[in-house]
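Colleague: My structure is below; once you've seen it, I'll send some questions.
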Amino acid sequence: MSRRKPGKRFAAGIGLVLVVLLGVYLVTGREKLASWYERWKLLRDETAWETFGGHRYMMTPEPGNWYDAEQYARWLGGHLVKVDDAPEQDWLVETFGRSKPFWIGCTDRTVEGTWTWSDGQPLSFTNWFPGEPSNGDGWNDVPEHFAVMNNRNPGKWNDLGESASVSGIIELGD
Numbered sequence: 010m011s012r013r014k015p016g017k018r019f020a021a022g023i024g025l026v027l028v029v030l031l032g033v034y035l036v037t038g039r040e041k042l043a044s045w046y047e048r049w050k051l052l053r054d055e056t057a058w059e060t061f062g063g064h065r066y067m068m069t070p071e072p073g074n075w076y077d078a079e080q081y082a083r084w085l086g087g088h089l090v091k092v093d094d095a096p097e098q099d100w101l102v103e104t105f106g107r108s109k110p111f112w113i114g115c116t117d118r119t120v121e122g123t124w125t126w127s128d129g130q131p132l133s134f135t136n137w138f139p140g141e142p143s144n145g146d147g148w149n150d151v152p153e154h155f156a157v158m159n160n161r162n163p164g165k166w167n168d169l170g171e172s173a174s175v176s177g178i179i180e181l182g183d
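Just so you know, this note's numbering puts 87 at position 78 of the sequence shown, and the rest follows in order with no gaps.
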């Protein structure tokens with residue numbers, strides 16, 4: 010029995026696979042390049058950001074869950090807002106609104122009842138609505154591990170579950 014040498018069909022098949030792989034690489038590379046360019050433009054657009062205490066802030070472009078908002082903030086090089094004190098809290102309410110809830114970077118997703126900022130730092134300031142955080146108080150089956158501001162009262166914090174969809178405030182440091 011003689012062994013067949015690879016023929017023209019085999020070479021054409023290999024060539025086609027290589028062309029497809031190159032195309033996928035080029036498309037993926039272009040998308041990444043476009044994504045980086047959009048990020049670069051946004052970071053340099055002074056009109057998109059509010060400033061306070063040497064930090065820059067902006068609202069996420071659309072409502073989503075806490076994870077999506079935090080991921081978008083990290084894509085820009087920051088986190089969801091870390092509220093350090095009452096003056097920053099008051100400024101956030103005056104700047105971004107008093108009635109619509111928005112995600113802040115406060116979570117107890119790692120250890121129930123131990124609230125930290127999304128960058129891992131412990132809280133040094135809180136502004137919980139009375140009786141919060143409640144983890145839902147058993148009225149629903151969804152654990153509430155993510156904090157929002159303005160949910161019941163301007164500036165007051167409440168914990169919500171991961172299925173909630175609101176905008177978030179992004180904070181970039183120095």
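We put the CB at the ideal spot given by N, CA and C, even for glycine.
If you reduce the DSSP assignment to three classes, tell me which class V157 lands in.
Modeller: Note: V157 maps to strand in three-state DSSP.
Colleague: On the three-pair Cβ rule with 8 Å, is the segment 129-148 touching the segment 72-84?
Modeller: Result no; under three Cβ-Cβ pairs closer than 8 Å.
Colleague: Can you tell which of P163, G182, G164 and M158 has the C-alpha that lies nearest to the C-alpha of S176?
Modeller: Taking only the C-alpha atoms, the option nearest S176 is M158.
Colleague: So, Q98 versus N136, is the Cβ gap smaller than 7 Å?
Modeller: Yes; because the gap between Cβ atoms is below 7 Å, this pair is in contact.
Colleague: On the three-state DSSP scale, how would you describe S127?
Modeller: S127: coil per DSSP, three-state reduction.
Colleague: Does the distance from the C-beta atom of S133 to that of G114 stay below 7 Å?
Modeller: No, the pair does not count as a contact, with Cβ atoms beyond the cut-off.
Colleague: Whose C-alpha, out of R161, V90 and W45, is nearest the C-alpha of Q130?
Modeller: Answer by Cα proximity: V90.
Colleague: Would you tell me roughly how many angstroms separate the C-alpha atoms of E47 and K109, rounded to the nearest one?
Modeller: Approximately 27 Å, taken between the alpha carbons.
Colleague: Quick check on DSSP: helix, strand or coil for W58?
Modeller: The answer is coil: DSSP assigns W58 none of H, G, I, E or B.
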